[in-house]
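Student: Take this structure, written in structure tokens, and hold onto it; I'll ask about it next.
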Amino acid sequence: MTSSSQSTRVRFAPSPTGYLHVGGARTALFSWLFARHTGGTFVLRIEDTDFERSSADMVTGILEGMRWLGMDWDEGPFFQSQRLELYAQTASKLVECGHAYHCFCTREELEARRSSATEAGVVPRYDGRCRTVSITDAKARIAAGERAIVRFMVPREGVTVFQDGVFGRIEFANAELEDFVLLRSDGIPTYHLSVVADDLDMRMTHIIRGADHLSNTPKQVLLYQALGASLPVFAHLPLILGPDKTRLSKRHGATSVMAYKEMGIVPEAFRNFLALLGWSPGDAAKQVGAPDREIFSTEELIQIFSLDGIAHSNAVFNNEKLAWYNTEYIRAYDPSRLLPLIEEEWKAVNYRPTRSREDVLAAITLLQPRTRNLKDFASTFLAYFGDQFKMDEAAAKKFLSDAAVRTMLGELGDRSAALGDFSEASTEELLRCYAAEKGIKAGALINGARVALTGQAVAPSLFAVMLCLGQSTVASRLKAAAALIV
RNA sequence: GGCGCUAUCGUCUAGGGGUUAGGACGUGAGAUUCUCAAUCUUAAAACACGGGUUCGAUUCCCGUUAGCGCUACCA
205 MTSSSQSTRV
215 RFAPSPTGYL
225 HVGGARTALF
235 SWLFARHTGG
245 TFVLRIEDTD
255 FERSSADMVT
265 GILEGMRWLG
275 MDWDEGPFFQ
285 SQRLELYAQT
295 ASKLVECGHA
305 YHCFCTREEL
315 EARRSSATEA
325 GVVPRYDGRC
335 RTVSITDAKA
345 RIAAGERAIV
355 RFMVPREGVT
365 VFQDGVFGRI
375 EFANAELEDF
385 VLLRSDGIPT
395 YHLSVVADDL
405 DMRMTHIIRG
415 ADHLSNTPKQ
425 VLLYQALGAS
435 LPVFAHLPLI
445 LGPDKTRLSK
455 RHGATSVMAY
465 KEMGIVPEAF
475 RNFLALLGWS
485 PGDAAKQVGA
495 PDREIFSTEE
505 LIQIFSLDGI
515 AHSNAVFNNE
525 KLAWYNTEYI
535 RAYDPSRLLP
545 LIEEEWKAVN
555 YRPTRSREDV
565 LAAITLLQPR
575 TRNLKDFAST
585 FLAYFGDQFK
595 MDEAAAKKFL
605 SDAAVRTMLG
615 ELGDRSAALG
625 DFSEASTEEL
635 LRCYAAEKGI
645 KAGALINGAR
655 VALTGQAVAP
665 SLFAVMLCLG
675 QSTVASRLKA
685 AAALIV
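Per this note's numbering, the very first residue in the first sequence carries number 205; after that it's consecutive.
This is the structure in structure tokens:
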């Protein structure tokens with residue numbers, strides 16, 4: 205453990221202009237994992253300086269998504285919209301010490317110059333013409349009511365270098381950068397100003413964020429230097445792409461993490477999947493057991509997570525692998541922990557189980573090994589939790605269309621009601637003897653019984669199902685089969 | 001266009017100057033079975049291309065190509 209003076213401080217700083225998307229969730233997860241691994245502090249900061257596009261609902265949604273994935277935070281959420289004073293002060297400090305200046309160019313002028321530069325085949329970049337306006341002149345003009353923005357004065361020459369925690373040494377020529385805007389004419393800061401002012405004020409030691417910010421970083425490094433501050437460690441995460449290898453977005457379907465919850469994904473599965481997207485433990489996996497394992501508990505992830513294992517290239521989101529993780533996690537759940545999640549699904553379809561909690565838990569245990577998705581419990585598995593369920597038409601057609609079979613199932617229902625000892629062995633014996641007696645293949649009766657009992661052509665072993673449902677339910681559903689019209 | 005980043009099976013990845021280039025998901029085949037999963041066995045599947053450096057390059061260097069990102073008074 206590091207001493208408190210050098211302990212890490214990491215933040216997740218989403219902008220509430222949308223829900224918590226997959227990329228944001230992974231950034232949050234890696235930041236959180238890093239903070240927990242190093243015994244540091246995890247701060248949540250909402251970057252809502254774009255009032256037009258930000259909304260309180262999105263903030264709620266982001267927090268909901270983080271909680272769903274099991275992430276907690278030690279400080280915040282802080283809102284940049286409530287910290288405007290800090291940014292204004294930082295901007296004037298920069299102006300006072302000559303690192304920034306007021307710019308009186310209008311949007312229209314800027315726009316015109318940009319388009320003519322583009323036409324001329326020149327890289328459009330602010331020419332720095334307002335650099336020559338003295339501070340006293342600028343103040344006078346502002347006092348007279350002129351609108352101004354504050355720009356950072358980027359050195360014309362030299363290079364800006366930083367050591368990225370993922371990509372290593374990154375160098376940009378200052379000549380490539382333009383005098384970027386710090387404060388807009390309405391006094392609201394731009395991203396570059398607010399992010400640096402806050403990260404400094406909140407004493408961040410590590411900035412973990414998407415690689416889309418890599419090109420922004422030299423500007424921010426320049427800001428740190430102008431402010432006389434030492435640099436945090438920047439660690440940029442490669443992006444997550446959709447199946448078509450373009451950036452994951454709405455057109456790829458669900459990109460909000462909560463959409464995955466709604467699709468029946470279990471949070472641990474999603475967290476595990478996300479953790480291994482663009483990161484791999486390498487040799488550290490040996491610390492927690494088999495080196496080839498891909499299933500890691502949250503505690504294990506915290507133990508073995510490190511910036512070193514972060515990939516340098518973008519990763520494609522793989523729905524099949526997510527589905528596999530979901531299957532694995534659902535199977536491994538303790539039934540009593542799975543039950544609340546299933547109850548949410550039931551609630552969503554207005555279903556209430558009529559069986560006792562013990563019976564419900566037993567049914568879950570029986571069903572777990574063959575569940576791929578939480579939704580199964582609220583659809584094809586309903587027959588295990590009460591008498592309110594739908595008969596799958598195709599299954600009925602396939603296995604119950606023979607009236608003779610239906611009649612036999614009814615008779616079997618009578619006989620099972622009379623069974624003294626109702627067990628897997630006794631029900632199987634009953635059915636097989638009855639089949640032999642009637643000269644019908646046991647399989648035909650088994651398939652028919654399965655549909656009569658579960659409404660589905662697919663189910664666990666029939667006799668395990670019978671035991672799970674109980675003698676009276678089995679008897680009545682089999683007897684009902686005799687009266688069925690297929 | 002400029003700048004930056006990246007490049008191992010279809011996908012996620014391990015590896016690293018000499019390896020049968022390893023694993024996972026998915027896919028094919030077989031076994032098992034009362035259905036379907038599961039399970040077990042098994043198979044196919046990759047170092048983008050071209051130059052260097054070197055005894056030797058998939059690994060290091062350069063270039064090409066491709067992909068992605070940034071290029072706002074968005075974040």
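For every residue, glycine included, the Cβ atom is placed at its ideal position computed from N, Cα and C.
It should be emphasised that the depicted structure is a prediction, and the values quoted were computed from it without experimental measurement.
#1: Quickly, what does DSSP pair VAL437 with across the bridge? List them, please.
#2: Got a sec, what are the start and stop residues for the alpha helix (DSSP H) LEU635 sits in?
#3: Leaving aside the five residues before and after LEU511 along the sequence, list all residues of the same chain whose C-beta is less than 6 angstroms from its C-beta, in chain order.
#4: Determine whether the beta carbon atoms of HIS417 and THR212 lie at a separation below 9 angstroms.
#5: At 4 residues or longer, what runs of the alpha helix (DSSP H) sit wholly inside the stretch 452-494?
#6: If you draw a straight line from the C-alpha of SER319 to the C-alpha of PHE477, how long is it?
#7: For the candidate residues ILE250, LEU273, ALA217, whose alpha-carbon lies nearest to that of SER501?
#8: Count Cβ pairs between the stretch 275-287 and the stretch 310-329 that sit closer than 8 angstroms; are there 3 or more?
#9: For the alpha helix (DSSP H) that contains VAL354, what are its first and last residues?
#10: Between the stretch 617-636 and the stretch 664-674, do three or more beta carbon pairs fall short of 8 angstroms?
#11: What is the DSSP secondary structure of PRO422, counted as helix, strand or coil?
#12: According to DSSP, what are the bridge partners of PRO393?
#13: Roughly how many angstroms separate the alpha carbons of MET205 and PHE238, rounded to a whole number?
#14: Could you have a look at LEU224 and say whether DSSP puts it in helix, strand or coil?
#15: Here's a check: name, in chain order, each residue in its chain whose Cβ is nearer than 6 angstroms to the Cβ of ARG215, leaving out the five neighbours to either side.
#16: Indicate whether ASP390 and LEU290 have their beta-carbon atoms separated by less than 9 angstroms.
#17: By the 10 Å Cβ neighbour count, where 16 or more other Cβ atoms means buried, how is ARG674 classified, buried or exposed?
#18: Rounding to the nearest angstrom, what Cα-Cα distance links THR231 and ARG475 in this structure?
#19: List in chain order: all unbroken beta strand (DSSP E) runs of 3+ residues lying wholly within the stretch 286-318.
#20: Determine the direct distance from the alpha carbon of ARG360 to that of ARG333, and round the result to whole angstroms.
#21: Can you round the beta-carbon distance between ASN523 and ALA473 to whole angstroms, since I take them to be within the 8 angstroms contact cut?
#22: Excluding the 5 residues flanking LEU634 on each side, which residues of the same chain have their C-beta closer than 7 angstroms to its C-beta?
#23: Between the beta-carbon of GLY269 and the beta-carbon of SER419, is there less than 9 angstroms?
#24: So, using beta-carbon positions, are GLY446 and PHE521 closer together than 9 angstroms?
#25: What distance in whole Å lies between the Cβ atoms of GLU549 and PHE581, which are believed to be in contact at a cut-off of 8 angstroms?
#26: Relative to the alpha-carbon of ALA527, which residue among SER605, ARG413, GLY468 has its alpha-carbon at the smallest distance?
#27: What does the alpha-carbon distance come out to for the pair LYS507 and SER560?
#28: Quick one: grab the DSSP three-state call for GLN367.
#29: Measuring only the C-alpha atoms, how far is SER517 from LEU397?
#30: Check for me: the beta strand (DSSP E) holding ILE250 runs from which residue to which?
#31: Where do the N-terminal and C-terminal ends of the alpha helix (DSSP H) with GLU562 fall, by residue?
#32: Where do the N-terminal and C-terminal ends of the alpha helix (DSSP H) with PRO281 fall, by residue?
#33: Three-state secondary structure (DSSP) at ALA519?
#34: Could you tell me if PRO220 is buried or exposed, where buried requires 16 or more neighbouring beta carbons within 10 angstroms of its beta carbon?
#35: Can you tell me which residues form a DSSP beta bridge with ARG213?
#36: With a 10 Å radius around its C-beta and 16 neighbouring C-beta atoms as the bar for buried, classify VAL365 as buried or exposed.
Tutor: By the coordinates alone:
#1: Looking up residue 437 in the first sequence gives position 233. Note: VAL437 sits in a beta bridge opposite HIS410.
#2: Stepping through the first sequence from its first residue, residue 635 is reached at position 431. From DSSP, the alpha helix (DSSP H) with LEU635 extends over 628-642.
#3: For the purposes of this step, residue 511 is identified with residue 307 of the first sequence, where counting begins at 1. Counting only Cβ-Cβ distances below 6 angstroms, and skipping sequence neighbours, we find GLY369, ALA439.
#4: Residue 417 sits at position 213 when you count from the first residue of the first sequence. Residue 212 sits at position 8 when you count from the first residue of the first sequence. No, the pair does not count as a contact, with Cβ atoms beyond the cut-off.
#5: Correct list: 461-466, 471-479.
#6: The residue given as residue 319 occupies position 115 in the first sequence. The residue given as residue 477 occupies position 273 in the first sequence. Rounded to whole angstroms, SER319 to PHE477 spans 45 angstroms at the Cα level.
#7: Position 297 of the first sequence, counting from 1, holds the residue named residue 501. The shortest Cα separation from SER501 among ILE250, LEU273, ALA217 belongs to LEU273.
#8: no
#9: As a first step, residue 354 is located in the first sequence; it is residue number 150 there, counting from the start. It is not in any alpha helix (DSSP H) - VAL354 instead sits in the beta strand (DSSP E) that spans 353-356.
#10: yes
#11: Position 218 of the first sequence, counting from 1, holds the residue named residue 422. Helix at PRO422.
#12: One-based indexing of the first sequence puts residue 393 at position 189. PRO393 is bridged to LEU387.
#13: If you number the first sequence from 1, residue 205 lands on position 1. If you number the first sequence from 1, residue 238 lands on position 34. Any answer about MET205 is weak, because its pLDDT of 40 lies below 50 and its placement is not dependable; what the coordinates show is given next. Straight-line Cα distance between these residues: approximately 13 angstroms.
#14: As a position in the first sequence, residue 224 is number 20, starting the count at 1. In the structure shown, LEU224 sits in coil (DSSP, three-state: anything other than H, G, I, E or B).
#15: Taking the first sequence and counting its residues from 1, the one referred to as residue 215 is at position 11. These residues qualify, in order along the chain: VAL247, ARG249, MET408.
#16: Within the first sequence, numbered from 1, the residue matching residue 390 stands at position 186. Within the first sequence, numbered from 1, the residue matching residue 290 stands at position 86. In this structure, LEU290 does not lie closer than 9 angstroms to ASP390 by Cβ.
#17: For this step, residue 674 is matched to residue 470 along the first sequence. Checking the displayed sequence, the identity of residue 674 turns out to be Gly instead of Arg. Classification of GLY674: exposed, given that the 10 Å Cβ count is below 16.
#18: For the purposes of this step, residue 231 is taken as the residue at position 27 of the first sequence. For the purposes of this step, residue 475 is taken as the residue at position 271 of the first sequence. Roughly 12 angstroms between the two C-alpha positions.
#19: 304-307
#20: Position 129 of the first sequence, counting from 1, holds the residue named residue 333. Position 156 of the first sequence, counting from 1, holds the residue named residue 360. Their Cα atoms are separated by approximately 13 angstroms.
#21: For the purposes of this step, residue 523 is identified with residue 319 of the first sequence, where counting begins at 1. For the purposes of this step, residue 473 is identified with residue 269 of the first sequence, where counting begins at 1. The pair is not a contact, with the Cβ atoms about 12 angstroms apart (cut-off 8 angstroms).
#22: Translated into the one-based positions of the first sequence, residue 634 becomes position 430. For LEU634, where only same-chain residues beyond five positions count, the Cβ hits under 7 angstroms are ARG619, SER620, LEU623.
#23: As a working mapping, residue 269 is identified with position 65 in the first sequence. As a working mapping, residue 419 is identified with position 215 in the first sequence. For GLY269 and SER419, no; Cβs fall outside 9 angstroms.
#24: Here residue 446 refers to the residue found at position 242 of the first sequence. Here residue 521 refers to the residue found at position 317 of the first sequence. Yes.
#25: Indexing the first sequence from 1 puts residue 581 at position 377. Indexing the first sequence from 1 puts residue 549 at position 345. 6 angstroms between Cβ atoms; contact.
#26: Locating residue 527 in the first sequence gives position 323, counting from the first residue. A check of alpha carbon separations from ALA527 across SER605, ARG413, GLY468 identifies GLY468 as the nearest.
#27: Along the first sequence, read from residue 1 onward, the residue named residue 507 stands at position 303. Along the first sequence, read from residue 1 onward, the residue named residue 560 stands at position 356. Going by the sequence as given, residue 507 is Gln instead of Lys. Looking at the two C-alpha atoms, the distance is approximately 40 angstroms.
#28: For the purposes of this step, residue 367 is taken as residue 163 along the first sequence, with counting starting at 1. Three-state result, GLN367: strand.
#29: Counting from 1 along the first sequence, the entry for residue 517 is found at position 313. Counting from 1 along the first sequence, the entry for residue 397 is found at position 193. If you take the alpha carbons of SER517 and LEU397, they lie about 28 angstroms apart.
#30: Taking the first residue of the first sequence as 1, we reach residue 250 at position 46. Start and end: 245-250.
#31: The count along the first sequence starts at 1 and reaches residue 562 at position 358. That run of the alpha helix (DSSP H) goes 561-571.
#32: The residue you call residue 281 lines up with position 77 of the first sequence. Unbroken run through PRO281 is the beta strand (DSSP E), 279-283; no alpha helix (DSSP H).
#33: One-based indexing of the first sequence puts residue 519 at position 315. Of the three classes helix, strand and coil, the one that applies to ALA519 here is strand, per DSSP.
#34: Here residue 220 refers to the residue found at position 16 of the first sequence. Per the 10 Å Cβ criterion, buried.
#35: As a first step, residue 213 is located in the first sequence; it is residue number 9 there, counting from the start. THR245, per the DSSP bridge assignment.
#36: Locating residue 365 in the first sequence gives position 161, counting from the first residue. When all chains shown are included, VAL365 counts as exposed.
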